[in-house]
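Chemist: Here it is, the structure, as structure tokens.
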Amino acid sequence: MASSFNQVISDGLPVFMSIISFLIVRWFIKSFSKSKSNVFPPSPPALPIIGHLYLLSSRLPESLQNLANRYGPLMRIRIGASAFVVVSNATVAKEIFKAHDIDFSSRYEPGPTEYNIYKGTGFVTGPYGAYWRFMKKLCATKLLAGAQLDRFNHIREQEIERLLRSLMKSSREGAACDLGLELAAMANNVTFRMTMSKKFSENASEAKRMRKSIVEIMELAGKFGINELFGFLKKIDLFGKGKNLREALWRYDALLEEIMKDYEDNEMNGRENADRDLMDILLETYRDVDAEVKLTRNQIKHFLLELFTASVDSTSAAVQWAMAQLINHPDVLKKLRDEIKSIVGSSRLVTESDVPKIPYLQAVVKESLRLHPPGPIIHRECTTDCKINGYDIKARTKTLINCHAIMRDPEIWKEPNEFIPERFLVNFDEKNGQYQMEMKSQDFSYIPFGGGRRGCSGAAHAYTVMHATIGALVQCFDWKVKGGDKVDIDVGLGFTGATALPLICYPITQFDPFVA
């Protein structure tokens, strides 16, 4: 028996060794061919487990920019188990946004997704597909289209007037105000009323509940560090932050479900189009059996959450950054106020319809967004193998496009870290005495709201709010910083770069539009 077994082993061993040898040779050939055919972007030296985490700080856009200065405009980094390619100049960004737009048209959720009860239902963070295309079309034709935005003009005017009255009160009392909180409240009210005017116009308590819920979610999400978002702690709720975030999201869900049911129970038949808010349109689409894509309630809730957080973390912060820059540059503030006065006069408040005639206001907004983009890092995911800037990018590669670095590139922008609105003014027209605006979006060196098909759908709304709000604040007030002469704009960059420090200052009334 033993002899037969040994014979079998003896006869089979050559075959076994031949198979092993074949597999080893095949592996060497495949590895050699792969190394010869693929050229990947350069990468800094990495440490075991943590990767390049040791090279990054909470000021992530600046950290990536510093690394790009050494390793090039397209590089690879690894944070824990997550690998990324990082884009840091306009030339490479143009390849992605234009030549390979469809290949990079998907996004991934960069935040603490393990605790997101709406995971997989996002529009802003969702992959490119039928749902995203449907919602993009809905935004472009109904939700955030020009005609729909025009219907909300009175809401924006009313909320800016409410903001000004609050600041006038502080001015009369000689009291300091937290301009950041004032702007967040205004942006919240505008967005809430655009979304659910029927509800929030009638019930101030529900607006406060909603605002409290959104702020709570944002504060909890903001407590996650880089390693908890991308690294080896991503799936370990070591400090209980994930549990707290999930519970906050469930509270938001319950509140929104209550509001949605109220809309459905009290639907106004024959309601005029001019009276419809975003919730009306979304629920109408939800009930449409012939819609291209059948919306779910979770998709509606997640879409509104993205909209609400953008109003706080993007629009209000963008206005706050612009005001901080204007306070630090009184000569620019005075020049802007003089231009507003020359166009509007001294008897009324500047309005949205005045903006096209005030190019310096547009330049101030553009320059502030260049220095402080709402989303300083754009997240994309490559869906197919492709070649970018001469390097091979594999499918499913996560991509970080560093807008902060692109819009401060010294090869494109003269004095890139300085606040100079005049850089956007060209082609003075002697006939009407006005400058024309210089557009840099076509070469992708100016991308505050991203680029390509995944560019921000709310950009038009953000520009509208910024122009009208900044114009009114400059027209009506001078500003004195509490505890100093200038705002320390170098401190508040944070993890995303979109949130400024509290802006505590004294408003000093220069023009009161409410005095008869």
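According to my numbering, the stretch in the sequence shown is residues 1038 to 1553, in order.
Yeah, the Cβ is synthetic: ideal placement off N, Cα and C, and Gly gets one too.
1. Can you name the residues that DSSP bridges to Thr-1546?
2. I'd like to know whether the C-beta of Tyr-1165 is nearer than 8 Å to at least one C-beta of chain C.
3. Count the other C-beta atoms from every protein chain shown that fall within 10 angstroms of the C-beta of Ile-1430, then say buried if there are 16 or more, exposed otherwise.
4. Excluding the 5 residues flanking Asp-1422 on each side, which residues of the same chain have their C-beta closer than 8 Å to its C-beta?
5. Per DSSP, Ile-1414 is paired with what?
6. Go ahead and pull the three-state DSSP assignment for Lys-1206.
7. According to DSSP, which residues form a beta bridge with Lys-1424?
8. Give me whichever residues DSSP pairs with Met-1172 in a beta bridge.
9. Can you tell me which of the three DSSP states Phe-1456 falls into?
10. If I'm right that Trp-1516 touches Ile-1541 with Cβ under 8 Å, what's the distance once you round it to whole angstroms?
11. Cα-Cα, which of Pro-1079, Lys-1278, Leu-1186 and Gln-1357 is closest to Ala-1120?
12. Could you check whether the segment 1488-1507 touches the segment 1217-1232, counting it as contact only if at least three pairs of C-beta atoms, one from each stretch, sit closer than 8 Å?
13. Taking Cβ to Cβ, would you say Ser-1143 is nearer than 8 Å to Glu-1418?
14. For Phe-1276, which residues from the same chain have a beta carbon less than 7 Å from its beta carbon, with the 5 sequence-adjacent residues on both sides left out?
15. According to DSSP, simplified to helix, strand and coil, what is Ile-1116?
16. Can you list, in chain order, the stretches of the alpha helix (DSSP H) that have 4 or more residues and sit fully within the segment 1326-1392?
17. Is the number of C-beta pairs between the segment 1448-1460 and the segment 1397-1415 that are closer than 8 Å three or more?
18. Under the DSSP definition of a beta bridge, which residues are partnered with Asp-1215?
19. Rounded to a whole number of angstroms, what is the C-alpha to C-alpha distance between Gly-986 and Tyr-1155?
20. For Val-1076, which beta-bridge partners are listed by DSSP?
21. What did DSSP end up calling Leu-1093 once you bin it into helix, strand or coil?
22. Could you name the residues of the same chain whose beta carbon sits closer than 6 Å to that of Gln-1362, not counting the 5 residues immediately before and after it, in chain order?
23. Does the segment 1372-1381 come into contact with the segment 1089-1107, if we say contact requires no fewer than three beta-carbon pairs (one atom in each stretch) closer than 8 Å?
24. Is the CB-CB distance between Gly-1117 and Gly-1088 below 8 Å?
25. Among the candidates Thr-1128, Tyr-1091 and Leu-1092, whose CA atom is the shortest distance from the CA of Gly-1427?
26. Once you ignore the five residues that flank Thr-1020 on each side, which residues in its own chain have a CB closer than 8 Å to its CB?
27. Buried or exposed: which applies to Pro-1539, given that a residue is buried once 16 or more other Cβ atoms fall within 10 Å of its Cβ?
28. Tell me which residues share the same chain as Pro-1550 and place their Cβ nearer than 6 Å to its Cβ, disregarding the 5 neighbours each side in the sequence.
29. For Gly-1088, does the three-state DSSP call read helix, strand or coil?
30. If we ignore side chains and look at the alpha-carbon of each, how far apart do Pro-1485 and Gly-1412 end up?
31. State the Cα-Cα distance for the pair Ala-1184 and His-1441, rounded to the nearest angstrom.
32. Return helix, strand or coil for Leu-1180, following the three-state DSSP convention.
33. Just grab the DSSP bridge partners of Leu-1292 for me.
34. Nearest to Val-1161 by CA position, among His-1366, Lys-1394 and Phe-1345, is which residue?
Modeler: A quick look at the data gives this:
1. Phe-1514
2. Of the protein chains in the structure, only one exists, and it is not chain C.
3. buried
4. Asp-1429, Ile-1430, Lys-1431 and Ala-1432
5. Asn-1439
6. helix
7. Asp-1429
8. DSSP output for Met-1172 lists no bridge partner at all.
9. coil
10. Actually they are not in contact, since the Cβ atoms of Trp-1516 and Ile-1541 sit about 11 Å apart, beyond 8 Å.
11. Pro-1079
12. yes
13. yes
14. none
15. strand
16. 1334-1347, 1354-1365 and 1367-1381
17. yes
18. Ile-1541
19. Since the first residue shown for the chain is 1038 and the last is 1553, residue 986 is missing from the structure and cannot be characterised.
20. Per DSSP, none; premise fails for Val-1076.
21. coil
22. Ser-1405 and Phe-1456
23. no
24. yes
25. Thr-1128
26. A query on residue 1020 cannot be resolved here, the shown segment of the chain reaching from 1038 to 1553 and no further.
27. exposed
28. Leu-1386
29. strand
30. 7 Å
31. 32 Å
32. helix
33. Per DSSP, none; premise fails for Leu-1292.
34. Phe-1345
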